[in-house]
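*Asks:* Using my numbering, you'd call the opening residue of the sequence shown number 1 and step up by one each time.
Even glycine gets a Cβ: it sits at the ideal position worked out from N, Cα and C.
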Amino acid sequence: MAKVTISLDRDLAIEVMLLSGTRSPQDAVELIVRDYLATGRRTEARTADAADAHRVDPRTSTAEEG
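Right, dumping it as structure tokens:
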């Protein structure tokens, strides 16, 4: 998987680390983004009709270790 580097405000990174219970800003942001995507998929699965089934991606990604 390709990696992307982004810059975040220090206070935002610290707040995300506290919310996620991680010690690394990288891990914290990855967890928050994965949770956000999973929430979106669950919401879409509940609200979409049969015609929209092709838009829901059934693949679940696992957290990268490292």
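Say whether the stretch 28 to 43 touches the stretch 5 to 19, bearing in mind that this needs 3 or more beta-carbon pairs closer than 8 angstroms, one atom from each stretch.
*Replies:* Yes, they touch.
*Asks:* For T22, which of helix, strand or coil comes out of DSSP?
*Replies:* Residue state, collapsed to three classes: coil.
*Asks:* Residues in the same chain with beta-carbon distance under 6 angstroms from A13, minus the five sequence neighbours each way, listed in chain order, please.
*Replies:* Closer than 6 angstroms at the Cβ level, and outside the excluded window around A13, lie P25.
*Asks:* With a 10 Å radius around its C-beta and 16 neighbouring C-beta atoms as the bar for buried, classify M1 as buried or exposed.
*Replies:* By the 10 Å Cβ count, M1 comes out exposed.
*Asks:* Among the residues of its own chain, which have a CB less than 7 angstroms from the CB of D35, if the five just before and after it don't count?
*Replies:* There are no such residues.
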